[in-house]
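Participant:
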Amino acid sequence: MCGIVGIYLKSKKFEKSLGRMLSKMLISMESRGPDSAGFAIYNKNKNKIYKYSICLNEVSFEKFRKEIKKKIIFTKLDKNSDHIILKSTEKPSKIIPILESFKGISLVGYGKSIEIFKQVGKPSNVVKKFDLDNFSGTHAIGHTRMATESAITTDGSHPYSTGEDECLVHNGSLSNHNNLRRKLKKNGSKFNSDNDTEVAAGYISDSLKDRNLKQTLKKGLSDLGGFYTFIAGTHSGFAVLRDEIACKPAVIAETKDYVAISSEFQAMAHLPNVNNAKIFEPEPGIVYSWGR
Amino acid sequence: MILDLKKLKLRSVNEKLQNIDRKKNKRDFVVSNPEGNHAICAGLTENIDVTIKGHVGYYCAGMNQNANIIVDGNVGTGVAENMMSGKVHVKGNASQSAGATAHGGTLIIDGDASSRCGISMKGVDIIVKGSVGHMSAFMAQSGNLVVCGDAGEALGDSLYETNIYVKGKVKSLGADCEEKKMNKQHKTKLKELLKKAGSNIKPEQFKRYGSARKLYNFNIDNVSNY
Numbered sequence: 476m477c478g479i480v481g482i483y484l485k486s487k488k489f490e491k492s493l494g495r496m497l498s499k500m501l502i503s504m505e506s507r508g509p510d511s512a513g514f515a516i517y518n519k520n521k522n523k524i525y526k527y528s529i530c531l532n533e534v535s536f537e538k539f540r541k542e543i544k545k546k547i548i549f550t551k552l553d554k555n556s557d558h559i560i561l562k563s564t565e566k567p568s569k570i571i572p573i574l575e576s577f578k579g580i581s582l583v584g585y586g587k588s589i590e591i592f593k594q595v596g597k598p599s600n601v602v603k604k605f606d607l608d609n610f611s612g613t614h615a616i617g618h619t620r621m622a623t624e625s626a627i628t629t630d631g632s633h634p635y636s637t638g639e640d641e642c643l644v645h646n647g648s649l650s651n652h653n654n655l656r657r658k659l660k661k662n663g664s665k666f667n668s669d670n671d672t673e674v675a676a677g678y679i680s681d682s683l684k685d686r687n688l689k690q691t692l693k694k695g696l697s698d699l700g701g702f703y704t705f706i707a708g709t710h711s712g713f714a715v716l717r718d719e720i721a722c723k724p725a726v727i728a729e730t731k732d733y734v735a736i737s738s739e740f741q742a743m744a745h746l747p748n749v750n751n752a753k754i755f756e757p758e759p760g761i762v763y764s765w766g767r
Numbered sequence: 008m009i010l011d012l013k014k015l016k017l018r019s020v021n022e023k024l025q026n027i028d029r030k031k032n033k034r035d036f037v038v039s040n041p042e043g044n045h046a047i048c049a050g051l052t053e054n055i056d057v058t059i060k061g062h063v064g065y066y067c068a069g070m071n072q073n074a075n076i077i078v079d080g081n082v083g084t085g086v087a088e089n090m091m092s093g094k095v096h097v098k099g100n101a102s103q104s105a106g107a108t109a110h111g112g113t114l115i116i117d118g119d120a121s122s123r124c125g126i127s128m129k130g131v132d133i134i135v136k137g138s139v140g141h142m143s144a145f146m147a148q149s150g151n152l153v154v155c156g157d158a159g160e161a162l163g164d165s166l167y168e169t170n171i172y173v174k175g176k177v178k179s180l181g182a183d184c185e186e187k188k189m190n191k192q193h194k195t196k197l198k199e200l201l202k203k204a205g206s207n208i209k210p211e212q213f214k215r216y217g218s219a220r221k222l223y224n225f226n227i228d229n230v231s232n233y
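So the sequence lines, in the order shown, correspond to chains S and P.
If you count the first sequence from 1, you need to add 475 to reach the working numbering.
If you count the second sequence from 1, you need to add 7 to reach the working numbering.
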């Protein structure tokens with residue numbers, strides 16, 4: 476099953492309440508995905524600071540801080556439950572190998588505007604744990620997972636991020652992910668789990684090297700087998716795609732202030748002015764995108 | 008009587024509507040603040056009027072018998088699924104599988120219905136004033152599907168004996184579905200159905216589709232394929 480949600484703000488009006496809006500959406504999708512939850516939240520960022528979203532797993536914060544201090548010049552370490560946002564002006568090409576070689580932790584995403592938090596447990600507990608209500612931003616994507624094809628772990632939770640400021644959430648299952656993973660690995664992609672969605676995220680990151688997001692998803696229609704409703708995020712916005720059979724649901728509500736998407740309408744019922752929104756289902760095989 | 012889903016639990020609202028006290032003769036109900044909840048007004052059996060004020064979730068008015076249900080909003084997957092009798096009127100759009108397996112009654116959708124509208128329908132009359140998505144009337148067995156807009160891919164795939172009337176374009180027909188002649192009795196029936204939905208479009212503007220009946224029996228020429 477799984478539940479997916481997303482909000483893109485067209486105006487500044489709701490930027491401060493973005494976290495609160497998303498958290499209610501995630502909680503109402505608990506029945507579709509009680510195993511784990513996660514969210515990616517984007518903020519405008521004009522400076523050169525990169526943010527690395529890290530899940531500490533079993534590693535203690537003190538141990539991490541001590542050891543990483545010797546290897547990386549960072550400007551800030553923001554602790555939020557078992558996640559850390561490490562801020563640094565150094566290039567990802569230098570930082571990522573260091574973080575990847577750090578035993579026990581998971582690098583869940585990085586970029587200038589993205590922050591990702593994901594954890595096992597009920598969505599209501601996860602959003603509370605990370606205090607999502609107090610986040611602000613320009614757009615956000617979230618996921619509640621009912622695990623089907625790989626283990627219930629942080630690494631098996633969505634959103635998946637496989638490139639700078641990129642992320643993907645998925646409701647469905649892919650049929651050709653093993654083949655695709657092999658192909659992408661040959662091209663230099665790296666994967667941390669056996670999860671099918673991570674492969675789709677890797678596919679999108681790989682394809683984005685030569686195309687924009689819309690073109691990438693369009694190409695995905697022929698390269699990705701199986702069932703899916705995707706929300707793919709970048710620093711500028713997000714895009715939505717359903718496979719051509721379209722058995723995985725999605726509904727979009729659009730007002731002059733925001734665009735919201737979720738698996739079921741009930742996740743959006745609390746959003747401001749939603750009863751006057753333009754409400755529609757994304758049509759199968761068509762890429763919808765919003766961005767600035 | 009107003010049943011507010013912000014104050015009452017869904018289960019108690021449905022229980023109330025499912026167990027009408029015949030002596031009291033209260034037959035008008037309004038359900039407010041549905042907020043996308045699932046299975047609202049499922050399993051009603053009495054001849055009552057219910058208006059739902061807002062958007063609802065899945066399986067709204069499922070298994071309906073006798074009740075007259077109006078949804079003043081959009082509906083999720085499977086509205087009026089397996090309806091036996093009565094009437095369900097959706098003023099907004101419907102998600103997939105509207106009227107699935109319904110045996111009788113009337114389902115009217117003022118907006119569009121998405122994929123698989125009328126899948127495996129068994130006698131219901133469905134009138135969609137907008138368009139329907141792909142695989143509509145898939146394996147439909149009996150009843151009428153009227154589409155005032157366009158129809159998506161594979162309309163009427165593996166169709167049995169349902170009559171499909173489409174005014175607009177049909178993207179493609181499914182296996183064993185073909186255009187049929189519109190006879191006088193079809194025009195009369197279609198006129199009656201359109202009238203039920205409050206539409207005065209002329210039946211002559213529609214085309215009729217039905218089963219070519221080539222899948223009813225196994226064709227021995229295909230034996231080598233198995």
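Even glycine gets a Cβ: it sits at the ideal position worked out from N, Cα and C.
Quick caveat, the model's predicted, so the values are computed rather than measured.
Find the residues of chain P that neighbour S:N750, judging by a C-beta separation of less than 9 Å, and give them in chain order.
Facilitator: Within chain P, the residues near S:N750 are G61, H62 and G80.
Participant: To the nearest angstrom, how far is it from the Cα of P:G175 to the Cα of P:S19?
Facilitator: If I take the Cα positions, the gap works out to 43 Å.
Participant: Taking the alpha carbon of S:D608 as the point to measure from, which residue in S:N522, S:I516, S:E739 and S:R717 has its own alpha carbon closest?
Facilitator: Nearest of S:N522, S:I516, S:E739 and S:R717 to S:D608, Cα basis: S:I516.
Participant: By Cβ distance, which residues of its chain are closer than 8 Å to P:K196, with the 5 residues on each side in sequence left out?
Facilitator: These residues qualify, in order along the chain: N151 and N170.
Participant: Counting only the same chain and skipping the five closest in sequence on each side, list residues whose C-beta sits under 6 Å from that of P:Q148.
Facilitator: K129 and Y167, listed in sequence order.
Participant: Output yes or no for whether 7 Å exceeds the beta carbon distance between S:K587 and S:N520.
Facilitator: The answer is yes: Cβ separation under 7 Å.
Participant: Quick test of your reading: S:G677 and S:L659, contact by CB under 8 Å. State the CB separation rounded to the nearest angstrom.
Facilitator: Sure, about 5 Å apart at Cβ, within 8 Å.
Participant: Within the chosen definition, does the stretch 627-637 of chain S reach the stretch 591-600 of chain S through at least 3 CB pairs nearer than 8 Å?
Facilitator: They touch, by the three-pair rule.
Participant: Residues of chain P with CB under 8 Å from S:F755, in chain order?
Facilitator: Within chain P, the residues near S:F755 are N100.
Participant: Of all the CB atoms in chain S, is at least one closer than 7 Å to the CB of P:G106?
Facilitator: False, the Cβ-Cβ gap to chain S never drops below 7 Å.
Participant: Can you name, in chain order, every residue of its own chain whose Cβ lies under 8 Å from the Cβ of P:N89, other than the five neighbours on each side?
Facilitator: Once the five neighbours on either side are set aside, the close Cβ partners of P:N89 are G69, M70, A107, T108, A109 and H110.
Participant: Do you know offhand how far P:K23's Cα is from P:I133's?
Facilitator: If you take the alpha carbons of P:K23 and P:I133, they lie about 28 Å apart.
Participant: Does DSSP classify S:I614 as helix, strand or coil?
Facilitator: The sequence shown places His at residue 614 of chain S, rather than the Ile named in the question. S:H614 falls in the strand class under three-state DSSP.
Participant: Does any residue of chain P bring its CB to less than 7 Å from the CB of S:F666?
Facilitator: Chain P, which has no Cβ nearer than 7 Å to the Cβ of S:F666, makes this no.
Participant: Can you check which of these residues, P:M142, P:C48, P:T84 and P:V63, is closest to P:L162 by C-alpha distance?
Facilitator: Minimum Cα distance to P:L162 is reached at P:M142.
Participant: Going by C-alpha to C-alpha distance, which of S:V601, S:S563 and S:Y585 sits closest to S:N555?
Facilitator: Answer by Cα proximity: S:V601.
Participant: Quick check on S:E739 - is its C-beta less than 7 Å from some C-beta in chain P?
Facilitator: So, interface residue.
Participant: Taking just the CA atoms, how far does S:Y703 sit from S:S581?
Facilitator: Roughly 26 Å separates the two Cα atoms.
Participant: Answer yes or no: do S:S737 and S:V534 have a C-beta to C-beta separation smaller than 7 Å?
Facilitator: No, they are not a contact pair.
Participant: Roughly how many angstroms separate the alpha carbons of P:N226 and P:F145, rounded to a whole number?
Facilitator: If I take the Cα positions, the gap works out to 21 Å.
Participant: Indicate whether S:Y733 and S:I482 have their beta-carbon atoms separated by less than 7 Å.
Facilitator: A contact, by the Cβ cut-off of 7 Å.
Participant: Listing by chain order, which chain P residues have their CB less than 7 Å from the CB of S:A735?
Facilitator: Here the premise fails: no neighbours, minimum Cβ distance about 12 Å.
Participant: Go ahead and label S:Q690 buried or exposed: buried means 16 or more other beta carbons lie within 10 angstroms of its beta carbon, across all protein chains shown.
Facilitator: So S:Q690 ends up on the exposed side.
Participant: Quick one, are the C-beta atoms of P:C184 and P:Y216 less than 7 Å apart?
Facilitator: Their beta carbons are under 7 Å apart, which means P:C184 touches P:Y216 by this criterion.
Participant: Could you tell me the alpha carbon to alpha carbon distance between S:Y763 and S:A615, rounded to whole angstroms?
Facilitator: Taking the straight line from one Cα to the other gives about 16 Å.
Participant: Using the Cα positions of P:K191 and P:E211, report the straight-line distance between them to the nearest angstrom.
Facilitator: Each residue's Cα considered, the two are about 10 Å apart.
Participant: Are the C-beta of S:A721 and some C-beta of chain P separated by less than 7 Å?
Facilitator: Yes - at least one Cβ of chain P is within 7 Å of the one on S:A721.
Participant: Answer with yes or no whether the minimum CB distance from P:E42 to chain S is below 7 Å.
Facilitator: Answer yes: the Cβ-Cβ gap between P:E42 and chain S drops below 7 Å somewhere.
Participant: Please name the residue, chosen from S:H745, S:S511 and S:G760, that lies closest to S:H618 on a Cα-to-Cα basis.
Facilitator: Taking only the C-alpha atoms, the option nearest S:H618 is S:S511.
Participant: I want to verify the contact list: residues of chain S whose CB lies under 8 Å from the CB of P:T84, in sequence order.
Facilitator: Those within 8 Å of P:T84 in chain S are P724.
Participant: Three or more beta-carbon pairs under 8 Å between the stretch 644-662 of chain S and the stretch 539-557 of chain S, yes or no?
Facilitator: Verdict: no, contact absent.
Participant: Determine the closest residue to P:S165 out of P:L17, P:H45 and P:I126, with distance taken between C-alpha atoms.
Facilitator: Of the candidates P:L17, P:H45 and P:I126, the one whose C-alpha sits nearest the C-alpha of P:S165 is P:I126.
Participant: Could you run through the stretch 112-123 of chain P and flag, in chain order, every residue whose CB is less than 7 Å away from some CB of chain S?
Facilitator: Cβ contacts with chain S come from S121 and S122.
Participant: Going by beta-carbon coordinates alone, are P:H62 and P:G85 separated by less than 7 Å?
Facilitator: Contact flag unset, no.
Participant: Determine whether the beta carbon atoms of P:G159 and P:K178 lie at a separation below 7 Å.
Facilitator: The answer is yes: Cβ separation under 7 Å.
Participant: Does the separation of the CB atoms of S:G584 and S:S668 fall below 7 Å?
Facilitator: No. Outside cutoff.
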